[in-house]
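*Asks:* Under the numbering used here, the residue at position 313 of the sequence shown is numbered 449, and the numbers go up by one with no gaps. All C-beta atoms, glycine included, are put in the ideal place defined by N, C-alpha and C. The following block contains the structure, expressed as structure tokens.
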Amino acid sequence: MPAALKAWMEEAIRKGIASEVQQYMAARQVPVSECDSQSIHSQVRTDLHYPQSPGQDDITMHPPLPEDFRPEEELENLPLEGVEGVSLLSDIPPEEDQGDLTPRGMSDDEDLAPDQPVFTGLFKPQLFRSLLYKAKNTARLSKPSPAPTSEQPDEADDLIFTQPITEVETVPVPQMFSDLITKQWSSASSYVAPTAFDKKFYNLAPDFSGSLDTPEVDDPVVALHSSTHVVSEPEESLKPEDKRLELTLRKAHQADAWAIKAATSASFFTRASLRWLRHLTKSIPHSNIRVHQDLAKVVAAIEFAADATFNSVKFSARSMASQVAARRLLWLRSWKADVKHKWKLASSPISSK
């Protein structure tokens, strides 16, 4: 290596400006017209966040390079003697550059467990409007939009004296669902037993199904109710109308249990079909754009169904909890206590068996 080049490089390394050396060498090789075009391009495309080259005023001038200097050959064969521990990428001193620079939490939070991710579902909410529009067109259930009125107020007056009307998206309901609800409401006291297909299709794991059974009233509640009654069975202490109410609440609990079983089974098969669809998407060539667009709509609809069935389980479970609280209040009716203490006992957590 030429002595002049070695002395020049050692001086640049000691000052910690190796990056400026590379920029200086690049400036010597790139023509002026190309540099100007690159500078203009970097200023226009600010959204790409490319690092900007320093201006002429910011570049520190260094001794001229030798005429026989070849950057490609010299940088590959550059010896590392005398430069151990020097960082070429920053101005950090050698003794500080060896430290761990990874970000760490505060000292008081070292033993704190990380936050658990919040379940937000599979379906992307921003796709709902587009998915609903396409589903309405496919099902041919969309209603024509109302025609605009001839008298439209000025925009300025509309903002001053009125509020903007937000259009609420509604899911169309076929008539078959209304007929089904009307049929189930024809008799408020009747209970439709599950069919053989219901028992076959919605046969869940025993541990989960057992937790959906109608719970017995808690022993402390029964003891408080029958403390003044000497009977063989706790139900015998209830009045005839209370027995009817107890039976009705039990039937409602069983109906919600079957709703949870049906929704859980549907959610399981729906989530499994998502994996089938993703596998199918990978097997289709990317050039078949139309098929990929159709599959994207199907995947979005399946994700929506998976979240909807999951929420159905949640809503039915809340209904079951309300029925258990109503049964507890029924058994605590004869307890000589204020409403606050009764409600505290009736709203206690439900233990799943």
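The alpha helix (DSSP H) with Thr400 in it runs from where to where?
*Replies:* Taking the first residue of the sequence shown as position 1, residue 400 is located at position 264. From DSSP, the alpha helix (DSSP H) with Thr400 extends over Pro376 to Ser419.
*Asks:* Tell me whether Thr400 is buried or exposed, calling it buried when 16 or more other Cβ atoms sit within 10 Å of its Cβ.
*Replies:* In the sequence shown, residue 400 corresponds to position 264, counting from 1. Classification of Thr400: buried, given that the 10 Å Cβ count is 16 or more.
*Asks:* Can you name the start and end residues of the alpha helix (DSSP H) that Pro342 belongs to?
*Replies:* Numbered from its first residue, the sequence shown carries residue 342 at position 206. Start and end: Pro342 to Ser347.
*Asks:* Where does Asn339 fall in DSSP's three states?
*Replies:* As a first step, residue 339 is located in the sequence shown; it is residue number 203 there, counting from the start. Reduced to three states, the DSSP call for Asn339 is coil.
*Asks:* According to DSSP, simplified to helix, strand and coil, what is Leu334?
*Replies:* Against the sequence shown, residue 334 aligns to sequence position 198. Leu is not the amino acid found at residue 334; the sequence shown has Asp there. If DSSP states are grouped into helix, strand and coil, Asp334 belongs with the helices.
*Asks:* Taking the alpha helix (DSSP H) that Val434 falls in, what are its first and last residues?
*Replies:* The count along the sequence shown starts at 1 and reaches residue 434 at position 298. Its alpha helix (DSSP H) spans residues Ile425 to Trp467.
*Asks:* In angstroms, rounded to a whole number, what distance separates the CA positions of Ser458 and Ile486?
*Replies:* Here residue 458 refers to the residue found at position 322 when the sequence shown is read from its first residue. Here residue 486 refers to the residue found at position 350 when the sequence shown is read from its first residue. Going by the C-alpha atoms only, they are around 11 Å apart.
*Asks:* Which residue's Cα is closest to the Cα of Val304: Arg426, Leu381, Leu258 and Arg265?
*Replies:* One-based indexing of the sequence shown puts residue 304 at position 168. Residue Arg265 is the option with its Cα nearest to Val304.
*Asks:* From Arg463, Ser470, Asp474 and Lys472, pick the residue whose C-alpha is nearest to that of Ala482; which is it?
*Replies:* The residue given as residue 482 occupies position 346 in the sequence shown. The shortest C-alpha separation from Ala482 is found at Arg463.
*Asks:* Go to Ile317, then tell me how far its alpha helix (DSSP H) extends in each direction, as first and last residue.
*Replies:* Against the sequence shown, residue 317 aligns to sequence position 181. Segment Gln311 to Gln320, the alpha helix (DSSP H) holding Ile317.
*Asks:* Would Tyr338 pass as a contact of Trp394 if the rule is Cβ separation under 8 Å?
*Replies:* On the sequence shown, position 202 is the one that residue 338 refers to. On the sequence shown, position 258 is the one that residue 394 refers to. Yes, the Cβ-Cβ distance between Tyr338 and Trp394 is below 8 Å.
*Asks:* With the cut-off set at 8 Å, would you say Leu385 and Leu413 are in Cβ contact?
*Replies:* Here residue 385 refers to the residue found at position 249 when the sequence shown is read from its first residue. Here residue 413 refers to the residue found at position 277 when the sequence shown is read from its first residue. No.
*Asks:* Within 10 angstroms of the Cβ of Phe333, are there 16 or more other Cβ atoms? Answer buried if so, exposed if not.
*Replies:* The residue labelled residue 333 in the question sits at position 197 within the sequence shown. Looking at its Cβ environment, which holds fewer than 16 other Cβ atoms inside 10 Å, Phe333 is exposed.
*Asks:* Can you name the start and end residues of the alpha helix (DSSP H) that Arg265 belongs to?
*Replies:* Locating residue 265 in the sequence shown gives position 129, where the first residue counts as 1. Looking at the DSSP string, the run of the alpha helix (DSSP H) that includes Arg265 is Phe264 to Ala275.
*Asks:* In the DSSP assignment, find the alpha helix (DSSP H) that holds His477 and state where it starts and stops.
*Replies:* Position 341 of the sequence shown, counted from the start, is the residue given in the question as residue 477. Its alpha helix (DSSP H) spans residues Val475 to Ala482.
*Asks:* Who are the near neighbours of Pro330 in its chain, counting only those whose CB is closer than 7 Å to its CB and skipping five residues on each side?
*Replies:* Position 194 of the sequence shown, counted from the first residue, corresponds to residue 330. The residues are Trp394.
*Asks:* Hey, out of Asp443, Val449 and Ala388, whose CA is closest to Ser325's CA?
*Replies:* In the sequence shown, the residue the question calls residue 325 occupies position 189. Closest by alpha carbon: Ala388.
*Asks:* So, does the segment 435 to 452 touch the segment 402 to 409, judging by three or more C-beta pairs under 8 Å?
*Replies:* Flag = yes, the segment 435 to 452 and the segment 402 to 409 touch.
*Asks:* Using the C-alpha atoms, what's the distance from Glu382 back to Leu360?
*Replies:* By one-based count along the sequence shown, residue 360 stands at place 224. By one-based count along the sequence shown, residue 382 stands at place 246. Those two C-alpha atoms are separated by around 17 Å.
*Asks:* Rounded to the nearest angstrom, what separates Ile438 and Met312 at their Cα positions?
*Replies:* Against the sequence shown, residue 438 aligns to sequence position 302. Against the sequence shown, residue 312 aligns to sequence position 176. If you take the alpha carbons of Ile438 and Met312, they lie about 21 Å apart.
*Asks:* For Leu258, does the three-state DSSP call read helix, strand or coil?
*Replies:* As a first step, residue 258 is located in the sequence shown; it is residue number 122 there, counting from the start. In this structure, Leu258 counts as coil in the three-state DSSP scheme.
*Asks:* Who are the near neighbours of Lys270 in its chain, counting only those whose CB is closer than 8 Å to its CB and skipping five residues on each side?
*Replies:* For the purposes of this step, residue 270 is taken as the residue at position 134 of the sequence shown. Around Lys270: Lys433.
*Asks:* Return helix, strand or coil for Lys472, following the three-state DSSP convention.
*Replies:* In the sequence shown, residue 472 corresponds to position 336, counting from 1. Residue state, collapsed to three classes: coil.
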